[in-house]
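Asker: Position one of the sequence shown corresponds to residue 0 (numbering that gives the first Met the number 0), numbered consecutively onward.
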Amino acid sequence: MCGIVGYVGRGEALPFLLEGLRRLEYRGYDSAGVAVYHDGEMRLTKTAGRLEALERKLVEHPSAGTVGIGHTRWATHGRPTEENAHPHTDCRGTLAAVHNGIIENFAELRRRLSAAGHVFRSETDTEVLCHLVEEAYAGDLAAAVRRAARELVGSYAAAFLSLAEPHRLVAIRQDSPLVVGLGEGENYLASDIPAILARTRRAVILEDRQVAVVRADGVEVTDLEGRVLGLQVFQVPWDLAQAEKGGLPTFMLKEIREQPRVLRETLRGRIEGERVVLGELEPLLAGVRKLHLVACGTAYHAGLVGKQLIEGLARLPVEVDYSSEFRYRNPILEPGTLCVAVSQSGETADTLAALREARRQGLPTLAVTNVVGSTLDREAARVLHTRAGPEIAVASTKAYTTQLAVMTLLALHLAQARGTLPAAQAAELVRSMVDLPSWADRVLDGEEAAAQVGRVLAAHRDVFFIGRGLDHALAMEGQLKLKEISYIHAEAYAAGELKHGPLALIEEGVPVVALATQPDLAEKLASNVQEVRARGGRIYAVAREGDERLANLADQTMLLPAAPAPLMPILGAIPLQLVAYHAALQRGCDVDKPRNLAKSVTVE
Ligand code: M6R
0 MCGIVGYVGR
10 GEALPFLLEG
20 LRRLEYRGYD
30 SAGVAVYHDG
40 EMRLTKTAGR
50 LEALERKLVE
60 HPSAGTVGIG
70 HTRWATHGRP
80 TEENAHPHTD
90 CRGTLAAVHN
100 GIIENFAELR
110 RRLSAAGHVF
120 RSETDTEVLC
130 HLVEEAYAGD
140 LAAAVRRAAR
150 ELVGSYAAAF
160 LSLAEPHRLV
170 AIRQDSPLVV
180 GLGEGENYLA
190 SDIPAILART
200 RRAVILEDRQ
210 VAVVRADGVE
220 VTDLEGRVLG
230 LQVFQVPWDL
240 AQAEKGGLPT
250 FMLKEIREQP
260 RVLRETLRGR
270 IEGERVVLGE
280 LEPLLAGVRK
290 LHLVACGTAY
300 HAGLVGKQLI
310 EGLARLPVEV
320 DYSSEFRYRN
330 PILEPGTLCV
340 AVSQSGETAD
350 TLAALREARR
360 QGLPTLAVTN
370 VVGSTLDREA
380 ARVLHTRAGP
390 EIAVASTKAY
400 TTQLAVMTLL
410 ALHLAQARGT
420 LPAAQAAELV
430 RSMVDLPSWA
440 DRVLDGEEAA
450 AQVGRVLAAH
460 RDVFFIGRGL
470 DHALAMEGQL
480 KLKEISYIHA
490 EAYAAGELKH
500 GPLALIEEGV
510 PVVALATQPD
520 LAEKLASNVQ
530 EVRARGGRIY
540 AVAREGDERL
550 ANLADQTMLL
560 PAAPAPLMPI
570 LGAIPLQLVA
580 YHAALQRGCD
590 VDKPRNLAKS
600 VTVE
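1) If you run the structure through DSSP and keep just helix, strand and coil, what is P436?
2) By the three-class DSSP mapping on this structure, what secondary structure does Q344 have?
3) Going by DSSP in three states, E281 sits in which element: helix, strand or coil?
4) Buried or exposed: where does N329 fall if 16 or more other Cβ atoms within 10 Å of its Cβ makes it buried?
5) Enumerate, from N- to C-terminal direction, the unbroken beta strand (DSSP E) stretches of 3 or more residues contained entirely within the stretch 54-142.
6) Just to check, is the beta-carbon of T350 closer than 6 angstroms to a non-hydrogen atom of the ligand M6R?
7) Can you name the residues that DSSP bridges to C338?
8) May I ask whether a heavy atom of the ligand M6R can be found less than 6 angstroms away from the beta carbon of C588?
9) Let me check you understand the geometry: is the CB of Q555 closer than 6 angstroms to at least one non-hydrogen atom of the ligand M6R?
10) Measuring straight from C-alpha to C-alpha, what distance separates E18 and L596?
11) So G628 is in the alpha helix (DSSP H); what residue range does that whole segment cover?
12) Are the beta-carbon atoms belonging to N83 and S175 less than 7 angstroms from one another?
13) Would T71 and L57 be called neighbours here (beta carbons separated by less than 7 angstroms)?
14) What residue range is occupied by the uninterrupted alpha helix (DSSP H) comprising K523?
15) Within the chosen definition, does the stretch 122-141 reach the stretch 74-82 through at least 3 CB pairs nearer than 8 angstroms?
16) Check whether the stretch 333-348 touches the stretch 444-459, counting contact only when three or more Cβ pairs, one atom from each stretch, lie closer than 8 angstroms.
17) Can you tell me which of the three DSSP states Y486 falls into?
18) Relative to the C-alpha of I465, which candidate in V179, L524 and G48 has its C-alpha closest?
19) Run the CB neighbour count on I331, radius 10 Å, all protein chains shown included, and call it buried at 16 or more, exposed below.
20) Could you check where the beta strand (DSSP E) with E219 kicks off and where it finishes?
21) If you measure from the CB of G296, is any heavy atom of the ligand M6R nearer than 6 angstroms?
22) Roughly how many whole angstroms lie between the Cα atoms of A416 and H166?
23) Does Y580 pass the burial test, meaning 16 or more other C-beta atoms within 10 Å, or should it be called exposed?
24) If we require 4 or more residues per run, which alpha helix (DSSP H) segments fall completely within the stretch 236-270?
25) Determine the extent of the beta strand (DSSP E) in which T401 is found, giving its start and end residues.
26) Excluding the 5 residues preceding and the 5 following A12 in the sequence, name in chain order all residues of the same chain whose CB lies nearer than 7 angstroms to its CB.
27) Secondary structure at S30, three-state DSSP: helix, strand or coil?
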């Protein structure tokens, strides 16, 4: 998983390439490189390490030129070395390519091309693209790329720059995202929209099996047979300020603090008086007897909350699978089952594969995604957008709480349609959703309490999260947030399970974050907390205002407004994000770009 950019225009290519790569670093950041054309030559500059290293190199050896491509890498084939950094070239160094995705048949292609005399210089799958296009070239780069594509198995968004046709870039996509930005006298290529936003808000989102020829004065898109397609120009609704840090030290903090606003956005137009209105879903839900949710990471945790809400409120059975497991376990998919794929990016390869498998088996599909124009958005039959705006920090925060808001809306919508809740109770819940943004604001006012807990946890090696019911799902998210950005080992347990094994790990001083947002289960949870305290564990509680039971047992408590129980996971997520954030800061971690991770996992 990587980020690619390209520029063709009257200005210098390098400033756009570097600014675009900077905005795509969330896709990967273990090496970077650019190729720039100038005056009959192509200059390649690449480094292992982060973009800063490339920038330093370019200061020493500047690269002038008005056409170029760039890449920020997250290694899949071959270690993150300079040799493996993109762009890669053909045998003669006259063609350069950048690529995001995986060429699954690269070993076989490499063998064939090597036998035909091609010389490989890297361990990457990407390099086969250069040699394939080199082999296919007969005076028309776009035609050569189309011909080469016929041999490829896998996913790719790739851009090519050739000395033979230096005033254009050719790009292709298959199962990896790629947008063409449309400027005045200059045009751009990028893996994702934030990379082009400083220059333009007009974009063409390439579809699978499309090839774009990008020149300074125009863009042409064809299919793989070379037939010219009409340009579908998309006006990007985000501005650059939305994609930047807004004056805060990190994207993660900015995104945590945006939650009241983006929750409001996500609810906008979906609540009318006492009813949830999800017009997007008509008539998809008629006849649905079961839901099967597929997702990864944080989105999976949103699915776990969704399951409890939909089962509890709408009395429909729900299964939740990790997308990466769904395809391989041969799930029983009965008629009447709706597959719901949840993904912030809409580009997670495992989730796309799960959605495709569900479609192959004839299931209707619904996507819950944040990225309009993403592959998931386009492939699912129906879509509910989470409207969180661009999420740049690797750790998902506002995307998660807006996913939870959509899950709650879906559960209430189904409950109202099916009449599974007393009308007054349903109406009360729907009305209370309108207050979510202001409750979230109040939770953010308590940041200092969460920061204190985070700083305490920073000194520990292991942390446990416990909860019951919806709080167990929330505990799962709390532990993931902490481990992914602070590198502290964290585990979540259903609180009632502690005594069946994990309690053996509790000794003097071991920190346990106890989640008590569900009034019906607070009494039971208090007993589990007592079990921990009796063994010397320290309790950091998240509890509702007015519920003293847990506060009295805890070493420290983070209080939440007393909203209705189904809405508490949304509010409870916020202190957990802040705890993780401040623990990571205290430990000096790179909060926005945790080691070994990337924002959008576009490989299986
Ligand atoms: O874009 P997606 O929602 O499909 O991404 C799924 C996971 O990769 C993602 O939630 C990941 O777990 C986050 N880093 C968690 O903060």
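Beta carbons are placed, not taken as given, at the ideal position from N, Cα and C, and that holds for glycine.
Answerer: Judging by the given coordinates:
1) helix
2) With the sequence shown as reference, residue 344 is identified as Ser, and Gln is not the correct amino acid for it. Coil at S344, not helix or strand.
3) coil
4) exposed
5) 66-72 and 94-102
6) yes
7) H291 and T364
8) no
9) no
10) 21 angstroms
11) Here the chain has residues from 0 to 603 only, and residue 628 is not among them.
12) no
13) no
14) A521 to A533
15) yes
16) no
17) coil
18) L524
19) exposed
20) G217 to D222
21) yes
22) 58 angstroms
23) buried
24) 239-242, 250-256 and 258-266
25) Per DSSP, T401 belongs to no beta strand (DSSP E); it is in the alpha helix (DSSP H), K397 to R417.
26) Y6, V35, G64, T65, V66 and G67
27) strand
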